[in-house]
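From first to last, the protein sequence lines are chains A and B. The numbering used here puts the first residue of the first sequence at 180, with every later residue one more than the last. The numbering used here puts the first residue of the second sequence at 648, with every later residue one more than the last. Even glycine gets a Cβ: it sits at the ideal position worked out from N, Cα and C. Below: one structure, written as structure tokens.
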Amino acid sequence: MKFFSKLLAMVLIVSFVVPAYSQEAEDAMEAQEVQEAQPAAQEQEKPSGVNLKVGDNFYFEGNVNDKADDDKEESMAETQSTPIYKQTWFIATIAVVVIAGAAVGIYYGTRTSEPNGKTIEWDNAKK
Amino acid sequence: MKRLFFLSLAFILAFMLISCDSGNTGDFKITLRLPVDLLDDCGDEDGEHTFCIVETDQVMLSIYSKSAVADEYVYADRTLIKVTDDKGGKKEFIRSLKKGAYYRFFAEVTNANEKLKLTGGIDGILYDDKNNYEVSIFLAPVGDFARVVSDRENYDDKSLESYVSEAGSKGAAAVALKDGRIYMAGGYDLQEDKVFKKSAVFDMQSLSRNDVKDLPKELYDHIAALLDDGSETGKVVVGLGTTVDEDDNEVLNDSIWIYDPESGKYGNPFPVTAMTKAKAITIDGDVYIVGGCTDSGASNIVYKFDKSGNAAPVQFATLQQGRCNHAIADVSTVNEDGKVIPRILVIGGSTNAKEGKETPVLGENFAELVTENGSVSVAITDRNGEDDAELKTKGLISPAAVSVLMDDKEEDETIIAVVGGYLRDGEEGNFTWVSSPNLFVFSENGKNAFVYDKNGTANECARPSAGLLGSEEKNVIKYVAVNCGVKEVDRIQQNTEKQVVFVLQVKRVKDSDLGIEVFSSSVKDSLMEGNIDPHSDGEILDGPVAVDALGQVFMLGGMYVYQVGSYAVQ
């Protein structure tokens, strides 16, 4: 009974963690593909002034040189819209926490029975 | 975001499943119960700490298991625990026990000098991982005795009490069941001055007494022996003895019953000749009932209850001399096919049961050897070919005899330790009864011949009971625990005394005068002054012993149950 419960727990954890990790990898790959595809497009669209910036996040930026100085800041704010839960670092952190949590849970879950499992004790204080 | 939410939910659910499922069943907790600290030195740094487990000690827990009731226990595991705290300790002793297996546990406590000081064990635990177990092991001083207590601090309330009052009893019977519990029945109640009808089972795992169904009749001086029918507990053959009629007069009992500990019931009676003070012994699972005194004399019949079922007893052999109040010992052999060949040595006794007016068995019939081919008288002599102890002329009534396997040499030898009893002192027509001042060791000395070695003792017991204490294999010394009863031969209430328990050391020694090896028997020093429990006012005339499969001997017949600590698993 105990074994099957643990097995079920493992399956549950793996079934959620693995797809999440796969999605994360998929998202990353998609982003990379976009990144790889962009230079060519950038080269073709160079005359229109599209520029790719690489920072903490990928984002597209219009030809800022064509814009007025007051519009430059607004334009950048509009293009930086990737939600935090889709960020690679965030998903990776959550995945690590969940896996570590599951491991700790399983370890302590199985271990809790042992100190009380098969024990011998005595109380010498009683004279 | 949704995915993250469900992921967290699944994780919490999984953790709860694991947490809830673990640790709920399959637990096995052993609590070591310590004896009362009679030396009061548990808290003293310079004390010997005989009755405690202190920092310099080690606890060894040995585990034995078997997969079926009929199997022999085999060694399974062993855990050595180094004690790190004077107050107490707790340790995980094994990761798993096998479901459906039977377990035996034996705990040994050794001090800093590796001297064994406390031992105790339990037996016959059928493990199921769907249950939790909480069992006690009472630790008794090795080669010494202690009152069984579940809480030594409150020993007045937490002692294992029998159904006998402080005034004590005589003529009770007891036997250890296969699962380690102790069955006790009957006896004469010296408080109420009447015969007990009670029977009880002592559970040594919970250190408690369960009063079970009363005997079919009031009984004392009856027989009780284990019939190993292959069940977990075995059954008890109980009966004969002295009972009371409708007018409250003492009469002899003509019935034998089989008590089933599992159902708690006594079976239909097997009618035989009414007799008392017979002796019963278990050999290879069968029960043999030897002799007994009738209204007109003494029975010479040896009955056998076969272990194969509830069949009526059959006559196994006929004694050369009918007798009661004798001693019997198992001197069986094993043939080449591993089959046990039953042999019973019968010693002394009397030809009538009338106390104070007994006629001791004397002469060439003093001892007999019962086999499948009948019973023959055996020659009994001392080492010089004589009878220095005058056994054949004075007799020996109501001694206790215990078979001891000496395995210290290449070839095993079964010897018989004989203790106590009483005999005639003086000439015919002008004699008194005195308790025997001798300890004997009988050993086989040719066909139908036994030789005895004799040692004196100050510990005289008129009607003792005795059992073999577990000792290490190949050890040159073996031990016999004795429930002495009183020295006085008159079995009257005025002669009751505090319950005396002692241990005999039986060993092979070189006799310098004769230039040969002989056997000696001596009383081992006890931690208890006068071999009595200083905290008990309970008295006794005589009482039975019960020896469990681990070699622990339990002393009964008084107010409390006492345990003698064995040196090793039997």
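Cβ-Cβ separation, residue j to residue i (assumed contact under 8 Å), whole Å
i           : j           : result
Tyr-867(B)  : Gly-827(B)  : About 26 Å separates the two Cβ atoms, so there is no contact after all.
Val-1088(B) : Val-1133(B) : The Cβ separation is near 24 Å, so there is no contact.
Val-772(B)  : Tyr-749(B)  : Val is not the amino acid found at residue 772(B); the sequence shown has Ile there. So it is a contact: roughly 7 Å between Cβ atoms.
Ala-821(B)  : Ala-1193(B) : 4 Å
Tyr-830(B)  : Val-883(B)  : 5 Å
Met-1053(B) : Lys-1157(B) : Not confirmed; about 15 Å, so no contact.
Glu-1005(B) : Asn-1012(B) : Contact doesn't hold; Cβ gap of about 15 Å is too wide.
Ala-754(B)  : Gly-767(B)  : 6 Å
Cys-1108(B) : Val-1136(B) : With a Cβ gap of about 11 Å, Cys-1108(B) and Val-1136(B) do not count as contacting.
Gly-939(B)  : Cys-971(B)  : 5 Å
Burial state of residue i (16 or more Cβ within 10 Å)
i           : result
Phe-675(B)  : buried
Asp-687(B)  : exposed
Ile-1062(B) : buried
Ser-955(B)  : exposed
Phe-1201(B) : buried
Arg-1155(B) : buried
Ser-1022(B) : buried
Gln-968(B)  : buried
Leu-1203(B) : buried
Val-1211(B) : buried
Gly-296(A)  : buried
Glu-1057(B) : exposed
Gln-962(B)  : exposed
Leu-1161(B) : exposed
Glu-300(A)  : exposed
Ala-819(B)  : buried
Trp-1080(B) : buried
Ile-1163(B) : exposed
Tyr-1069(B) : buried
Leu-942(B)  : According to the sequence displayed, residue 942(B) carries Asp and not Leu. Counting Cβ neighbours within 10 Å, Asp-942(B) comes out exposed, since fewer than 16 surround it.
Thr-889(B)  : buried
Tyr-935(B)  : buried
Pair within 8 Å by beta-carbon distance, residue i and residue j
i           : j           : result
Glu-808(B)  : Tyr-1207(B) : yes
Asp-1184(B) : Tyr-1099(B) : no
Leu-679(B)  : Ile-769(B)  : no
Ile-975(B)  : Leu-1043(B) : no
Asn-900(B)  : Ala-921(B)  : yes
Val-981(B)  : Arg-990(B)  : no
Val-937(B)  : Lys-924(B)  : no
Val-1025(B) : Pro-1046(B) : no
Gly-1117(B) : Tyr-1214(B) : yes
Leu-1151(B) : Ser-1168(B) : yes
Asp-858(B)  : Ala-847(B)  : yes
Leu-992(B)  : Leu-966(B)  : no
Pro-788(B)  : Leu-824(B)  : no
Val-782(B)  : Gln-852(B)  : yes
Leu-744(B)  : Tyr-774(B)  : yes
Cut-off 6 Å between Cβ atoms - residues of its own chain near residue i, not counting five sequence neighbours on either side
i           : result
Asn-1106(B) : Phe-1149 and Val-1170
Tyr-720(B)  : Tyr-711, Lys-713 and Arg-751
Val-1049(B) : Ala-1064, Ala-1113, Leu-1115 and Val-1127
Ala-220(A)  : Only weak support is given to the placement of Ala-220(A): the predicted model assigns it a pLDDT of 48, under 50, and the question is left unresolved by the model.
Ile-1292(B) : This structure does not reach residue 1292(B), given that chain B is present from 648 up to 1217, and the question cannot be answered.
Thr-1104(B) : Leu-1086 and Val-1170
Tyr-906(B)  : Val-883, Val-885 and Tyr-913
Cutoff 8 Å; reference residue i; Cβ partners in own chain excluding five residues on either side
i           : result
Ala-717(B)  : Gly-877
Gly-1205(B) : Ser-809, Val-811, Gly-815, Ser-816, Gln-1146, Ser-1183, Gly-1185, Glu-1186, Ile-1187 and Gly-1190
Val-683(B)  : Phe-698, Ala-793, Arg-794, Val-796, Arg-799, Tyr-802 and His-1182
Ala-915(B)  : It is worth fixing the name first, because residue 915(B) is Asn in this sequence and not Ala. If we look at Asn-915(B) and ignore the five residues flanking it on each side, its Cβ neighbours are Trp-904.
Glu-909(B)  : Ser-878, Glu-879 and Thr-880
Asn-778(B)  : Thr-672 and Gly-673
Val-1216(B) : Ser-709, Tyr-711, Arg-751, Phe-753, Gly-768, Gly-1117, Leu-1197 and Gly-1198
Pro-1255(B) : Residue 1255(B) is absent from the structure shown; chain B starts at 648 and stops at 1217.
Residues near residue i in its chain [Cβ-Cβ closer than 7 Å; skip 5 each side]
i           : result
Asp-302(A)  : none
Leu-727(B)  : Gln-705 and Met-707
Gln-223(A)  : Confidence is the limiting factor: at Gln-223(A) the pLDDT is only 49, short of 50, which leaves the residue's position unreliable, though a coordinate-based value still follows. There are no such residues.
Asp-1035(B) : Asp-1029 and Lys-1101
Residue-level contact to chain D via CB, residue i, 8 Å cutoff
i          : result
Cys-940(B) : Going by chain labels, chain D is absent from the structure shown, which instead holds the protein chains A and B.
>> Which complete alpha helix (DSSP H) runs does the segment 997–1023 of chain B hold, if anything under 4 residues is left out?
In response: none
>> At 3 residues or longer, what runs of the beta strand (DSSP E) sit wholly inside the segment 825–907 of chain B?
In response: 829–832, 846–850, 855–859, 870–874, 882–886, 889–891, 897–899 and 902–907
>> Could you tell me which whole beta strand (DSSP E) segments of length 3 or greater appear in the segment 684–765 of chain B?
In response: 705–713, 721–729, 735–739 and 749–757
>> For a minimum of 3 consecutive residues, which ranges assigned as the beta strand (DSSP E) are wholly contained in the segment 908–948 of chain B?
In response: 926–930 and 933–937
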